[in-house]
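Q: In UniProt numbering, the protein residues as written are 1 to 182. Glycine residues also receive a C-beta, built at the ideal position from the N, C-alpha and C atoms.
(1) The beta strand (DSSP E) spanning residue 47 covers which residue range?
(2) Identify whether residue 52 lies in helix, strand or coil by the three-state DSSP scheme.
(3) Rounded to whole angstroms, what is the Cα-Cα separation between residue 136 and residue 31?
(4) Take residue 107 as the anchor and find which of 20, 160, 126 has the nearest alpha-carbon.
(5) Using the rule of at least 16 other Cβ atoms within 10 Å of the residue's Cβ for burial, across every protein chain shown, is residue 92 buried or exposed?
(6) Taking 7 Å as the limit between beta carbons, can you name the residues of its chain near residue 44, skipping five residues before and five after?
(7) Keeping to the same chain, check which residues put their C-beta closer than 7 Å to that of residue 121; ignore five residues upstream and five downstream.
(8) To the nearest angstrom, how far is it from the Cα of residue 4 to the Cα of residue 90?
(9) Looking only at its own chain, which residues have a Cβ that is under 6 Å from the Cβ of residue 95, when we skip the five neighbours before and after it?
(10) Between which two residues does the alpha helix (DSSP H) holding residue 103 run?
(11) Count the other CB atoms, across all protein chains shown, that sit within 10 Å of the CB of residue 68; report buried if there are 16 or more and exposed otherwise.
(12) For residue 17, I'd like the list of residues in its chain whose CB is within less than 7 Å of its CB, leaving aside the five on either flank, ordered along the chain.
(13) By the 10 Å Cβ neighbour count, where 16 or more other Cβ atoms means buried, how is residue 41 classified, buried or exposed?
(14) Express the C-alpha separation of residue 160 and residue 84 in angstroms, rounding to a whole number.
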């Protein structure tokens, strides 16, 4: 993976993804993956009231692979809002919608019109784990509950779940890649 080439290609990638917003097949596919994200997002394993293991990032990653960062970012905001409406667990906080938007953008930047490789999946998941899960989510929880205690528990959970997340994400993306070719 040539990082300079990847970064130089981001403006074109964003433009191509934004053009997907005008295409009915892309909108319907994004809507179906958003619905799947919502369904999977309401099914999770609770560890504490603020810590849970979920797998809604898998439909988000597939959406990012198919439709790019712009579509997937907006789909993430919609999915976050719908998940809150279906299953509210505390006050609504828009920071989590920002997390979903950025997660979609990251997945779209890493996977849209790119070959799915294990190093690419590891780096994408590491970016999301560090920047979204550990930094932003911990910041939002600290802002909401005025307690820095969430950070350590979140760090342990993310370290333990990282290999599982990478394996599931890689398998799902490779399967979606085969479906796209047919």
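A: Taking the geometry as given:
(1) 44 to 48
(2) strand
(3) 26 Å
(4) 126
(5) exposed
(6) 52, 53, 54
(7) 166, 169, 170, 173
(8) 42 Å
(9) 140
(10) 95 to 111
(11) buried
(12) 67, 68, 69, 70, 71, 108, 112
(13) buried
(14) 26 Å
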